[in-house]
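Okay, so here's the structure we're looking at.
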Amino acid sequence: MNKLIATLIASLFASAAYAQVPVPAALSEVEVKTEVKAETRVEAEAAAANMKADANVSAAQAASAKAKAAAAAKTATAKAKSQATSASADASMSDKAAASAGVAAAHTLAGAVAVKADATVAKAKVDASAGKALGAIKTGAAKGNAEAKADAAK
C-alpha cells in the first residue's frame, strides 16, 4: 500500500511539472511570421499608394504647366496681332480698339486657365495627402492587429 501511495504522489508531482511546461515556441513563430507577412503586405500597399499619389500630383503639375504655357502663347499671339494692328497706319480706331480688347480677353483667359490649373494641382495634392493618411491608418491598424495576435499567441 505504501508503494502505491508513493507511486500516486510521484505521478501527481510529475503531472504538475508537465502541466507547467510552456507550449513549444514553434507554433507562435508560425503565427508571428504570418502576421509579419500581413503587416509587410499592408506596408507595401501603402508605399505603392503613396507613390501613385505622388505620381498623380506630378502629372497634375505637368498638365498645369502645359495649360499655362498654352495660354501664355495664345496671349502673346493676341498681343503681337494687336501691336501689328496698332502699328499699321491705315487701321481705324475701331480696329485698334478691337485688337486691344482681344489682348484683354486673352489675358483674362490666361488668368482663368492658370487659376483652373492651380486648382487642379491643389486638388491632386489634397487627394494625395488624404490617400497617404489613409494608408498610414491602415498600416497602423495592421501593425496593431499583428501585435495583438502575437500577444495572444504568447
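For the sequence shown, position 126 (counting from the first letter as 1) is numbered 244 according to the numbering used here, and the numbering increases by one without interruption.
Note that the Cβ used here is the ideal one computed from N, Cα and C, for glycine as well.
For residue 160, the CB contacts under 7 Å within the same chain, skipping 5 residues up- and downstream, are 256, 257 and 260 in chain order. Contact check for residue 187 and residue 204: beta-carbon distance about 26 Å, past the 8 Å limit, so the pair fails to qualify. The beta carbons of residue 193 and residue 230 sit no closer together than 9 Å.
The criterion of a C-beta distance shorter than 9 Å is satisfied by residue 168 and residue 253. By the Cβ neighbour-count rule, residue 266 is exposed, with fewer than 16 other Cβ atoms within 10 Å of its own.
Note on geometry: alpha-carbon atoms of residue 270 and residue 262 lie some 12 Å from one another.
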